[in-house]
Ligand SMILES: Nc1ncnc2c1ncn2[C@@H]1O[C@H](COP(=O)(O)OP(=O)(O)OP(=O)(O)O)[C@@H](O)[C@H]1O
Ligand code: SF4
Ligand SMILES: [Mg+2]
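Residue numbers (the numbering used here): -13 to 321.
1) When you compare the CB positions of residue 194 and residue 150, do they come within less than 8 Å of one another, or not?
2) Under DSSP, the alpha helix (DSSP H) around residue 132 begins and ends at which residues?
3) Please state whether DSSP places residue 326 in a helix, a strand or coil.
4) Ligand 1 and residue 289: does the residue's C-beta get closer than 7 Å to at least one heavy atom of that ligand?
5) Just to be sure I understand the criterion: a residue counts if its Cβ is closer than 7 Å to at least one heavy atom of ligand 3. Which residues meet that?
6) Closest Cβ-Cβ distance between residue 190 and chain D: below 8 Å?
7) Determine the direct distance from the alpha carbon of residue 7 to that of residue 303, and round the result to whole angstroms.
8) Looking at residue 8 and ligand 1, is the gap between the Cβ and the nearest heavy atom below 7 Å?
9) Can you tell me whether residue 116 is helix, strand or coil according to DSSP?
10) Check whether the Cβ atoms of residue 145 and residue 156 sit closer than 8 Å, and answer yes or no.
11) At which residue ranges does the stretch 234 to 312 contain complete beta strand (DSSP E) runs of 3 or more residues, listed in the order of the chain?
12) How about residue 46 and residue 229: do their beta carbons lie closer than 8 Å?
13) Please return the same chain residues whose Cβ sits closer than 7 Å to the Cβ of residue 41, not counting the five positions on each side in sequence.
14) Can you round the beta-carbon distance between residue 198 and residue 179 to whole angstroms, since I take them to be within the 8 Å contact cut?
15) Could you check whether the Cβ of residue 247 sits closer than 7 Å to any heavy atom belonging to ligand 2?
16) Which runs of the alpha helix (DSSP H) at least 4 residues long sit entirely within the stretch 138 to 212? Give them in chain order.
17) In terms of alpha-carbon separation, which member of 167, 314, 38, 64 lies closest to residue 246?
18) On the DSSP bridge assignment, give the partners of residue 94 in chain order.
19) If you run the structure through DSSP and keep just helix, strand and coil, what is residue 315?
20) In this structure, how does DSSP classify residue 15 when only helix, strand and coil are distinguished?
21) Where does residue 53 sit, in a helix, a strand or coil, going by DSSP?
22) Could you tell me if residue 301 is buried or exposed, where buried requires 16 or more neighbouring beta carbons within 10 angstroms of its beta carbon?
23) Please work out which residues of its chain come closer than 6 Å, Cβ to Cβ, to residue 265, disregarding the five sequence neighbours upstream and downstream, and give them in chain order.
24) Under the criterion of a Cβ to heavy atom distance below 7 Å, does residue 50 qualify as lining ligand 1?
25) Going by beta carbon distance, what residues of the same chain come within less than 8 Å of residue 89, once the five residues before and after it are set aside?
26) So, is residue 274 buried or exposed, given that buried needs 16 or more other C-beta atoms within 10 angstroms?
27) Tell me whether residue 110 is buried or exposed, calling it buried when 16 or more other Cβ atoms sit within 10 Å of its Cβ.
28) Hey, could you find the ends of the alpha helix (DSSP H) residue 330 is sitting in?
29) Who are the near neighbours of residue 97 in its chain, counting only those whose CB is closer than 6 Å to its CB and skipping five residues on each side?
30) Taking the alpha-carbon of residue 299 as reference, which of 183, 321, 87 has the nearest alpha-carbon?
Written as structure tokens, this is what we have:
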């Protein structure tokens, strides 16, 4: 079941033509003369906007730039280009000062591995209190009240039972809930969830995903949900974007993209990992060299592997264009 349509029109987060290029090492002379500067184009022109309550699923094979997109949108890595706006304000123009602090509070991330994201020497209370201390300076009573509330919202009840425990005393699922409590303790409006359940037991994944869904529907949080697992996207996403070599190649309403992908790469991805309940599709085998962000092909970046490529695909880079309702696809078959 897809999520209800959001009620506001202003985007919480608006990302335009975001780029993150990592300079590659080069020889001394070339670097001295600034010759042939080469880059690994991890994110190479990504645009999307999320309004309150919207959940955008970001899918694509390993190395296509999903995590880099999340980190760069959050300004945890400096962007190489593009514009990120939060609540209508361009973040480049607020780099520093009170507005950037507000953004740092209102935009949070939950990582894949809760064992790494929590300090093993901190109690759960200390871990969850850390961002509260930074963003809501308060006395001990008020701080504890916020920690308890965040733990309860993350489904750890009674919260008092968890406060003085250490990470090694909790299960993986409980730890991920602590990481989520930490993120939501400062009342974010935008959350990046980067593979939040992929390290957890299958049996407890649904509980965590329901929690994220609840944050979107009830608290109107905007969420960027990064995952390899397309079957979970149907459950919590309003829209799904498919990424290939640093670009979004298809984006649209979750059920439409998952049931009826239009971009040949999206079709191949869906066929390789059939979504539960979706109609059966013929398997599309991907041939050709594996994608390499250090050497992005000319023309359509998917053309070396595309079963439907045409002559134009080798020379012209297709732009994202509207196809069916709410859908955009970057492919010459639809231009
Ligand atoms: N700090 C870095 N320096 C150089 N290259 C990097 C850096 N971080 C990521 N990359 C490269 O950028 C590309 C995108 O990586 P990223 O981690 O964003 O992919 P991903 O889609 O999240 O993959 P996965 O599904 O495996 O998590 C990859 O080619 C990766 O090797
Ligand atoms: S533009 Fe051409 S090569 Fe690229 S996905 Fe479409 S058909 Fe395939
Ligand atoms: Mg990643």
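Glycine included, each C-beta is placed from N, C-alpha and C at the ideal position.
Checking against the coordinates, here is how it stands:
1) On the chain shown, position 208 is the one that residue 194 refers to. On the chain shown, position 164 is the one that residue 150 refers to. No.
2) To locate residue 132, count along the chain shown from 1; it is residue 146. Run containing residue 132: 126 to 139, per the alpha helix (DSSP H) assignment.
3) The requested residue 326 is not part of the displayed model; the chain covers only -13 to 321.
4) Sequence index remark: in the chain shown, residue 289 carries index 303 (1-based). No - ligand 1 has no heavy atom lying nearer than 7 Å to the Cβ of residue 289.
5) 52, 53, 180, 181, 212
6) Among the chains of the structure shown, chain D does not appear; only one protein chain is present.
7) Locating residue 303 in the chain shown gives position 317, counting from the first residue. Locating residue 7 in the chain shown gives position 21, counting from the first residue. The straight-line gap from Cα to Cα measures roughly 19 Å.
8) Position 22 of the chain shown holds residue 8. Result yes, Cβ under 7 Å from ligand 1.
9) What you label residue 116 is simply residue 130 of the chain shown in a count that begins at 1. Three-state result, residue 116: helix.
10) For the purposes of this step, residue 145 is taken as residue 159 along the chain shown, with counting starting at 1. For the purposes of this step, residue 156 is taken as residue 170 along the chain shown, with counting starting at 1. Against a cut-off of 8 Å, the Cβ pair of residue 156 and residue 145 comes out as no contact.
11) You should have found no qualifying run.
12) By one-based count along the chain shown, residue 46 stands at place 60. By one-based count along the chain shown, residue 229 stands at place 243. Taking 8 Å as the Cβ cut-off, residue 46 and residue 229 qualify as a contacting pair.
13) The residue you call residue 41 lines up with position 55 of the chain shown. Counting only Cβ-Cβ distances below 7 Å, and skipping sequence neighbours, we find -11, 202, 209, 211, 222, 223, 224.
14) Counting from one through the chain shown, the residue named residue 198 turns up at place 212. Counting from one through the chain shown, the residue named residue 179 turns up at place 193. Going by Cβ atoms, the distance from residue 198 to residue 179 rounds to 6 Å, so yes, they are a contact pair.
15) Position 261 of the chain shown, counted from the first residue, corresponds to residue 247. For ligand 2, not one heavy atom lies less than 7 Å from the Cβ of residue 247.
16) 146 to 149, 158 to 170, 188 to 203
17) Your numbering for residue 246 matches position 260 in the chain shown. Checking every option, the nearest Cα to that of residue 246 belongs to 314.
18) Mapped onto the chain shown, residue 94 falls at position 108. Paired residue(s): 177.
19) Mapped onto the chain shown, residue 315 falls at position 329. Three-state result, residue 315: strand.
20) Taking the first residue of the chain shown as 1, we reach residue 15 at position 29. Reduced to three states, the DSSP call for residue 15 is helix.
21) Along the chain shown, one-based indexing puts residue 53 at 67. Residue 53: helix per DSSP, three-state reduction.
22) As a working mapping, residue 301 is identified with position 315 in the chain shown. With fewer than 16 Cβ atoms within 10 Å of its Cβ, residue 301 is classed as exposed.
23) The sequence position of residue 265 within the chain shown is 279, counting from 1. A caution first: residue 265 carries a pLDDT of 47, below 50, which makes its placement in the model too unreliable to give a value.
24) For the purposes of this step, residue 50 is identified with residue 64 of the chain shown, where counting begins at 1. Correct: residue 50 has its Cβ closer than 7 Å to ligand 1.
25) Against the chain shown, residue 89 aligns to sequence position 103. 61, 72, 77, 80, listed in sequence order.
26) The residue labelled residue 274 in the question sits at position 288 within the chain shown. Answer is exposed; the Cβ neighbour count stays below 16.
27) The sequence position of residue 110 within the chain shown is 124, counting from 1. Under this definition residue 110 is a buried residue.
28) Outside the displayed span of the chain (-13 to 321) sits residue 330, for which this structure offers no information.
29) Your numbering for residue 97 matches position 111 in the chain shown. The residues are 103, 180.
30) If you number the chain shown from 1, residue 299 lands on position 313. Nearest C-alpha to residue 299: 321.
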